[in-house]
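Student:
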Amino acid sequence: MIMSLSGRFLAGGDGPFLRQKVKELADAGTKHMILNFSSVPYIDSTGIGFLVGSRVTAENMGMNMVLAGINPHVKKILDSVRLSSFFVMADDESSALSKVKEIGSGKSGESARPAKGKKGASEAPGPETVPSE
Numbered sequence: 255m256i257m258s259l260s261g262r263f264l265a266g267g268d269g270p271f272l273r274q275k276v277k278e279l280a281d282a283g284t285k286h287m288i289l290n291f292s293s294v295p296y297i298d299s300t301g302i303g304f305l306v307g308s309r310v311t312a313e314n315m316g317m318n319m320v321l322a323g324i325n326p327h328v329k330k331i332l333d334s335v336r337l338s339s340f341f342v343m344a345d346d347e348s349s350a351l352s353k354v355k356e357i358g359s360g361k362s363g364e365s366a367r368p369a370k371g372k373k374g375a376s377e378a379p380g381p382e383t384v385p386s387e
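In our numbering, the protein residues as written are 255 to 387.
(1) Identify, in the order they occur along the chain, each residue of the same chain with its Cβ nearer than 8 angstroms to the Cβ of D346, setting aside the five sequence neighbours on each side.
(2) Could you tell me if V335 is buried or exposed, where buried requires 16 or more neighbouring beta carbons within 10 angstroms of its beta carbon?
(3) Going by beta-carbon coordinates alone, are M343 and M319 separated by less than 7 angstroms?
(4) Please state if the CB of T284 and the CB of M255 are separated by a distance shorter than 7 angstroms.
(5) In three-state terms, what does DSSP make of F340?
(6) Please name the residue, chosen from F263, D298, F304 and T311, that lies closest to D281 on a Cα-to-Cα basis.
(7) Run through DSSP, which three-state label would V306 get?
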């Protein structure tokens, strides 16, 4: 499924519509979704919240989501709130199609779920606390 978005993604009806549409598509059996942002010049904090909620909904329902065509301004906003790594992104719709197919087949080194703060070897758990007698 490819959903092309256009216009400014702001507070209002767009966010709830997107989240509901993602849920409906997942309920209908859609396993892969591309959100084409090539015609979205701006996103505000409310739009980001709904975008995050849509990705979480998709993930919880077993759907892979790839964002395509994110312009530099929207990417900068996602970077500034440290959400770029939360999404799988592609430069354009064609690249997103390839990426979603790779994710679906398991051939990609990239997970359908982007990294969420991996622990490195230097971040091993600390010593256990043992109650004293």
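We treat Cβ as the ideally placed atom computed from N, Cα and C, and that holds for glycine.
Tutor: Taking the geometry as given:
(1) S292, A322 and G323
(2) exposed
(3) no
(4) yes
(5) helix
(6) T311
(7) helix
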